[in-house]
Amino acid sequence: MEQGTTPVFSPKETTENLPTSCGVYLMKDADDTIIYVGKAKNLKSRVKSYFLRRTDPKTAVLIQRVARIDYIVTRNEYEALLLENNLIKRWNPRYNINLKDGKTYPVIRITNEDYPRVFRTRTIVQDGSDYFGPYPNVDSIERYLDLAERLYPLRKCRGPLKQREHPCLYHHIGRCTAPCAGRISREDYLEHVNGVRHLLNGETEALRARLEQSMLDASEKLEFERAAASRDLIQAIDTLQAEQKVVDFDPDTRDYIAFATDQEMCTFAVFQMRAGHLLASDMFAATVLTPAAEALEQFIVRYYDTRKSAPATLYLPIVIERDQIVHYFQQEHNADVRIDFPSEGRHASVLAMARENALQDLERRKREHGNLPALRELAAVLELGAPPLHIEGFDIAHVGGRYTVASMVTFSNGIPDRARYRRFHVRSLEGAIDDFEAMREVVARRYQRVANERLPRPDLILIDGGKGQLNAAAEILDGLGMAEIPLVGLAKRLEEVFVPQRPDPMTLPEGSPPLRLLQYVRDEAHRFSTSFRAGLQSRDVSRSALQNVPGIGPKRSRRILQAFGSLEAVAEAPTDVLVKSCRLTREVAEAVRIEARRHASEDTAASRDATASEAAAELEEAAAEPAPADYGTEPETRTEPETRTEPETRTDGDQTP
Numbered sequence: 079m080e081q082g083t084t085p086v087f088s089p090k091e092t093t094e095n096l097p098t099s100c101g102v103y104l105m106k107d108a109d110d111t112i113i114y115v116g117k118a119k120n121l122k123s124r125v126k127s128y129f130l131r132r133t134d135p136k137t138a139v140l141i142q143r144v145a146r147i148d149y150i151v152t153r154n155e156y157e158a159l160l161l162e163n164n165l166i167k168r169w170n171p172r173y174n175i176n177l178k179d180g181k182t183y184p185v186i187r188i189t190n191e192d193y194p195r196v197f198r199t200r201t202i203v204q205d206g207s208d209y210f211g212p213y214p215n216v217d218s219i220e221r222y223l224d225l226a227e228r229l230y231p232l233r234k235c236r237g238p239l240k241q242r243e244h245p246c247l248y249h250h251i252g253r254c255t256a257p258c259a260g261r262i263s264r265e266d267y268l269e270h271v272n273g274v275r276h277l278l279n280g281e282t283e284a285l286r287a288r289l290e291q292s293m294l295d296a297s298e299k300l301e302f303e304r305a306a307a308s309r310d311l312i313q314a315i316d317t318l319q320a321e322q323k324v325v326d327f328d329p330d331t332r333d334y335i336a337f338a339t340d341q342e343m344c345t346f347a348v349f350q351m352r353a354g355h356l357l358a359s360d361m362f363a364a365t366v367l368t369p370a371a372e373a374l375e376q377f378i379v380r381y382y383d384t385r386k387s388a389p390a391t392l393y394l395p396i397v398i399e400r401d402q403i404v405h406y407f408q409q410e411h412n413a414d415v416r417i418d419f420p421s422e423g424r425h426a427s428v429l430a431m432a433r434e435n436a437l438q439d440l441e442r443r444k445r446e447h448g449n450l451p452a453l454r455e456l457a458a459v460l461e462l463g464a465p466p467l468h469i470e471g472f473d474i475a476h477v478g479g480r481y482t483v484a485s486m487v488t489f490s491n492g493i494p495d496r497a498r499y500r501r502f503h504v505r506s507l508e509g510a511i512d513d514f515e516a517m518r519e520v521v522a523r524r525y526q527r528v529a530n531e532r533l534p535r536p537d538l539i540l541i542d543g544g545k546g547q548l549n550a551a552a553e554i555l556d557g558l559g560m561a562e563i564p565l566v567g568l569a570k571r572l573e574e575v576f577v578p579q580r581p582d583p584m585t586l587p588e589g590s591p592p593l594r595l596l597q598y599v600r601d602e603a604h605r606f607s608t609s610f611r612a613g614l615q616s617r618d619v620s621r622s623a624l625q626n627v628p629g630i631g632p633k634r635s636r637r638i639l640q641a642f643g644s645l646e647a648v649a650e651a652p653t654d655v656l657v658k659s660c661r662l663t664r665e666v667a668e669a670v671r672i673e674a675r676r677h678a679s680e681d682t683a684a685s686r687d688a689t690a691s692e693a694a695a696e697l698e699e700a701a702a703e704p705a706p707a708d709y710g711t712e713p714e715t716r717t718e719p720e721t722r723t724e725p726e727t728r729t730d731g732d733q734t735p
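Residue numbers (my numbering): 79 to 735.
Structural data, given as structure tokens:
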């Protein structure tokens, strides 16, 4: 094989010195490390395409890192395909497809035993067990298993069935037919297993008809509880039927490969259909900076290079040059694989399902890795030296000067870091309405503590407010010797960005990644402070309500609310529980329950009124600010951030230095 390299790197010299033969090219960075390996039918033409003016952004990122290109000429394209795969395995280039970080979604397994079990798993064992799925949504699996357990209770104990004299608790609560105690024959037990198979396959018409008849019979006999149970089962079947994936009975072995990309990130999904059932799914994360067809070809060779067998048919979402892939399967797996690119029909539907799995996995990875592209753009807009990976945001909340509190939220890599959220009781105002002074107090307490305890300093501080709040925070940071920390304010009216030492605010394009990130931090700080304030106000109202009862003072009312959490819980608690847990007489406990019941609805109304009062205060504050220029657009409606799946870490009490 002929080998060669380019001279000192430049696009013109590179393309002019490459041969027109087929082969493999190796892109290297300034440290002479291979960062990408690719194959080409015409080396000169393929490498030249990287330097076209209209190169996509992902390819531009790759080219910026290339300092030299080596090449190896091969006799034919198939040799280039194999050599490319061998070089990728040997050098593991950063921007080539790799098979690490695999992720498999859970499936439902029916074991191959004399008395089979059904359960959720992520591991496929080739022992004759039946598998159904995969299910990207874990809630769907739980609904299937719960319905199967209610309709066809199977044993829960692991391993071979052991004979027992008495059944376990599952039998007594109706979740096991107790074959271990001889309460069901093996034939009837296997009928239950077949019922589970029919349910998971979506064959529910006969079952639904039987339940409907049972419901009607129970209604005629006035057995409404049994009728309601049948009705609930029918509703559960209908819900799952809408989610049921198509299972065909084509005996061919088929694989479906789909992918999803966003910027440099890519996830490949492989679905394996065997004997008409979706046997397994695999997920592979990758960084892709090349055209989709080239990346897909690399993935196919890398994936099946680790497999002992090949499918009869391979379905792909985009068109690629199939001849070399077909030849690869013939030579390496001794298999004639048909490659197809369906655009409609059931095979296109399975590909769409695989792509949906890839999209969900990609979203998960994006959440884990953060929002680095938006941080880079934000750094450019604010003229920062580096992306602000650590952002802290502040907001003040109160109702007419009462319950004045503040919040600090932390974002790491562009996503919330809830373990580092903090909240503050504002102590210096004594009922006065002064957001500027409140901001001075909170910023002083926070960053005095950062200085004293040598905590990590943020890369950016965001203040919820305009120039007044921003200047108040800037004064404190300057006094603490931390004026070098970048500081911005985001006003509520037209989403204007204020920066110290700059007379006019900045306006970022609506919907742009930097503005959306700033809005996310601001809205999260606002939500956190408002929820803290609402909790304080609710507890205050609840304590006042309980103190209307003779014999209940501030200490006892506090102790009751600490024990039960809310007036609603106190109202629903039995009198005996109140007597024991709070050391009350029966007469006082009954009076407390009556008072709590009377004020529970008023507590909710007070919370709504407080929210309305706060909104009015914000409007009044906004009206007092100088009117900005009219840009002819409506300000974007502020919405709560979508990510609410993880519990927040909230400390009890104030965060003081």
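Idealized CB from N, CA, C, for every residue including glycine. Keep in mind the model is a prediction, meaning the values are calculated, not measured.
Check: Among residues of its own chain, excluding the 5 on either side of A296, which ones have a beta-carbon nearer than 6 Å to its beta-carbon?
Finding: Reading the sequence shown from its first residue, position 218 is the one you call residue 296. In its chain, beyond the 5 residues on either side, R304, A305 have a beta carbon closer than 6 Å to the beta carbon of A296.
Notebook entry, point to check: Would you call H250 buried or exposed, if buried means 16 or more other Cβ atoms sit within 10 Å of its Cβ?
Noted result: For the purposes of this step, residue 250 is identified with residue 172 of the sequence shown, where counting begins at 1. Residue burial is scored here from C-beta neighbours: H250 has fewer than 16 other C-beta atoms within 10 angstroms and is therefore classed as exposed.
Item checked: Cα-Cα separation, R636 to E665 -> For the purposes of this step, residue 636 is taken as the residue at position 558 of the sequence shown. For the purposes of this step, residue 665 is taken as the residue at position 587 of the sequence shown. About 19 Å.
Note to self: For L697, count the other beta carbons within 10 Å of its own beta carbon; 16 or more makes it buried, fewer makes it exposed. Which is it?
What the structure shows: As a working note, residue 697 is residue 619 in the sequence shown. With a pLDDT of 41 at L697, under the threshold of 50, the modelled position of this residue cannot be trusted; read the value that follows with caution. Around the beta carbon of L697, a 10 Å sphere encloses fewer than 16 other beta carbons of the protein chains shown; the residue is thus reported as exposed.
Notebook entry, point to check: What residue from Y393, R242, F407 has the CA that sits closest to A66's CA?
Noted result: Not covered by the structure: residue 66. The range shown for the chain is 79 to 735.
Next item on the list: May I ask you to list the residues that DSSP assigns as paired with E283?
Entry: For the purposes of this step, residue 283 is identified with residue 205 of the sequence shown, where counting begins at 1. Beta-bridge annotation (DSSP): E283 is not paired with any residue.
Note to self: My output table needs one value for N95: the three-state DSSP class, helix, strand or coil.
What the structure shows: Along the sequence shown, one-based indexing puts residue 95 at 17. Shown here, N95 sits in a helix according to DSSP, grouped into three states.
Next item on the list: Could you say which of Y173, R153, E399 lies nearest to P138 if we only look at CA atoms?
Entry: Taking the first residue of the sequence shown as position 1, residue 138 is located at position 60. A quick correction: the sequence has Ala, not Pro, at residue 138. Each of Y173, R153, E399 was checked against the Cα of A138, and the nearest Cα belongs to Y173.
Next item on the list: Give me whichever residues DSSP pairs with V348 in a beta bridge.
Entry: Walking along the sequence shown from the start, residue 348 turns up at place 270. DSSP output for V348 lists I335, D360 as bridge partner(s).
Notebook entry, point to check: Can you tell which of I186, D556, P184, S207 has its C-alpha closest to the C-alpha of D192?
Noted result: In the sequence shown, counting from the first residue as 1, residue 192 sits at position 114. The shortest C-alpha to C-alpha distance from D192 to any of I186, D556, P184, S207 is the one to S207.
Margin query: Just to confirm my understanding: we take E714, look at its own chain, exclude 5 residues before and 5 after, and list those with CB closer than 8 Å. What are they?
Written below: On the sequence shown, position 636 is the one that residue 714 refers to. Residue placement at E714 is poorly supported in this model, since its pLDDT is 35, which falls under 50; the coordinates are not used for a value here.
Margin query: Here's a check: name, in chain order, each residue in its chain whose Cβ is nearer than 7 Å to the Cβ of K122, leaving out the five neighbours to either side.
Written below: Along the sequence shown, read from residue 1 onward, the residue named residue 122 stands at position 44. Excluding residues within five positions, the ones whose Cβ falls inside 7 Å are T93, L96, P97, T98.
Item checked: Bounding residues of the alpha helix (DSSP H) (the contiguous stretch that carries E517) -> Position 439 of the sequence shown holds residue 517. One detail in the question is off: residue 517 reads as Met in this sequence, not Glu. 513 to 531 is the extent of the alpha helix (DSSP H) around M517.
Check: Beta carbon of L278, beta carbon of A336: below 7 Å?
Finding: Position 200 of the sequence shown holds residue 278. Position 258 of the sequence shown holds residue 336. No, the Cβ-Cβ distance between L278 and A336 is not below 7 Å.
Margin query: To the nearest angstrom, how far is the alpha carbon of T83 from that of M343?
Written below: Counting from 1 along the sequence shown, the entry for residue 83 is found at position 5. Counting from 1 along the sequence shown, the entry for residue 343 is found at position 265. Cα atoms of T83 and M343: separation of roughly 30 Å, rounded to the nearest angstrom.
Checklist line | When G509, M486, N449 are compared against H476, the one with the closest alpha-carbon | finding: Translated into the one-based positions of the sequence shown, residue 476 becomes position 398. By alpha-carbon distance to H476, the top candidate from G509, M486, N449 is G509.
Next item on the list: Under 6 Å Cβ to Cβ from I630, same chain only, skipping five residues before and after it: list those, please.
Entry: Position 552 of the sequence shown, counted from the start, is the residue given in the question as residue 630. If we look at I630 and ignore the five residues flanking it on each side, its Cβ neighbours are L624.
Next item on the list: With DSSP as the reference, label Q597 as helix, strand or coil.
Entry: Along the sequence shown, read from residue 1 onward, the residue named residue 597 stands at position 519. In this structure, DSSP gives Q597 a helical state, which the three-state scheme calls helix.
Checklist line | Straight-line Cα distance separating L311 from E628 | finding: Here residue 628 refers to the residue found at position 550 when the sequence shown is read from its first residue. Here residue 311 refers to the residue found at position 233 when the sequence shown is read from its first residue. Sequence check: residue 628 is Pro here, not Glu. Looking at the two C-alpha atoms, the distance is approximately 51 Å.
Next item on the list: Look at the alpha carbon of Y382 and the alpha carbon of L165, and state the distance between them as a whole number of angstroms.
Entry: Here residue 382 corresponds to residue number 304 of the sequence shown, with the count starting at 1. Here residue 165 corresponds to residue number 87 of the sequence shown, with the count starting at 1. Cα to Cα, Y382 sits roughly 16 Å from L165.
Notebook entry, point to check: Can you list, in chain order, the residues of its chain whose CB lies under 7 Å from that of I672, leaving out five sequence neighbours each side?
Noted result: The residue labelled residue 672 in the question sits at position 594 within the sequence shown. So no residue of the chain qualifies.
Item checked: 7 Å Cβ shell around A529 - same chain, five flanking residues per side excluded -> Translated into the one-based positions of the sequence shown, residue 529 becomes position 451. Taking C-beta separations shorter than 7 Å and ignoring five residues to either side along the sequence, the partners of A529 in its chain run L558, following chain order.
Margin query: Which complete beta strand (DSSP E) runs does the stretch 397 to 421 hold, if anything under 3 residues is left out?
Written below: Listed in chain order, they are 416 to 418.
Checklist line | C-alpha distance - G423 paired with C254, whole-angstrom precision | finding: For the purposes of this step, residue 423 is taken as the residue at position 345 of the sequence shown. For the purposes of this step, residue 254 is taken as the residue at position 176 of the sequence shown. Distance between the alpha carbons of G423 and C254: 41 Å.
Check: Around the Cβ of M163, are there at least 16 other Cβ atoms within 10 angstroms (buried) or fewer (exposed)?
Finding: Mapped onto the sequence shown, residue 163 falls at position 85. The sequence given here has Asn at residue 163, not Met. Residue environment analysis places N163 among the buried positions, since at least 16 neighbouring C-beta atoms fall within 10 angstroms of its C-beta.
Next item on the list: Kindly provide the ranges of any beta strand (DSSP E) runs that are 3 or more residues long and lie completely inside the stretch 188 to 250, ordered along the chain.
Entry: With a minimum length of 3 residues, the continuous beta strand (DSSP E) runs that stay inside the stretch 188 to 250 are 196 to 199, 208 to 210.
Margin query: Taking the alpha carbon of A436 as the reference point, which residue from H405, G567, A364 has its own alpha carbon closest?
Written below: For this step, residue 436 is matched to residue 358 along the sequence shown. Checking every option, the nearest Cα to that of A436 belongs to A364.
Note to self: Considering only the alpha carbon of each residue, which of I511, V577, V203 lies closest to V459?
What the structure shows: Taking the sequence shown and counting its residues from 1, the one referred to as residue 459 is at position 381. With distances taken between Cα atoms, V459 lies closest to V577.
Next item on the list: For D330, count neighbouring Cβ atoms within 10 angstroms of its own Cβ and tell me buried if that reaches 16, exposed if not.
Entry: To locate residue 330, count along the sequence shown from 1; it is residue 252. With fewer than 16 Cβ atoms within 10 Å of its Cβ, D330 is classed as exposed.
Margin query: By the three-class DSSP mapping on this structure, what secondary structure does M560 have?
Written below: Taking the sequence shown and counting its residues from 1, the one referred to as residue 560 is at position 482. Look at M560 here: in three-state DSSP terms it is coil, with no helix or strand label.
Check: Tell me the DSSP bridge mates of F502?
Finding: By 1-based counting over the sequence shown, the position of residue 502 is 424. Its beta-bridge partners are A484.
Check: Since L456 contacts P592 with CB under 8 Å, what's their CB separation in whole angstroms?
Finding: Translated into positions along the sequence shown, residue 456 becomes position 378. Translated into positions along the sequence shown, residue 592 becomes position 514. Under the criterion of beta carbons closer than 8 Å, L456 and P592 qualify as touching, at roughly 4 Å.
Check: What span of residues does the beta strand (DSSP E) with E38 cover, start to end?
Finding: Outside the shown range of the chain, which is 79 to 735, sits residue 38, and nothing can be said about it.
Item checked: R264 versus P257: straight-line alpha-carbon distance, rounded -> As a position in the sequence shown, residue 264 is number 186, starting the count at 1. As a position in the sequence shown, residue 257 is number 179, starting the count at 1. Whole-angstrom Cα-Cα distance: 8 Å.
Note to self: Is it the case that the stretch 487 to 504 contacts the stretch 543 to 560, given that we only count it when at least three CB pairs across the two stretches are under 8 Å?
What the structure shows: The answer is no - the stretch 487 to 504 does not touch the stretch 543 to 560, with fewer than three Cβ pairs under 8 Å.
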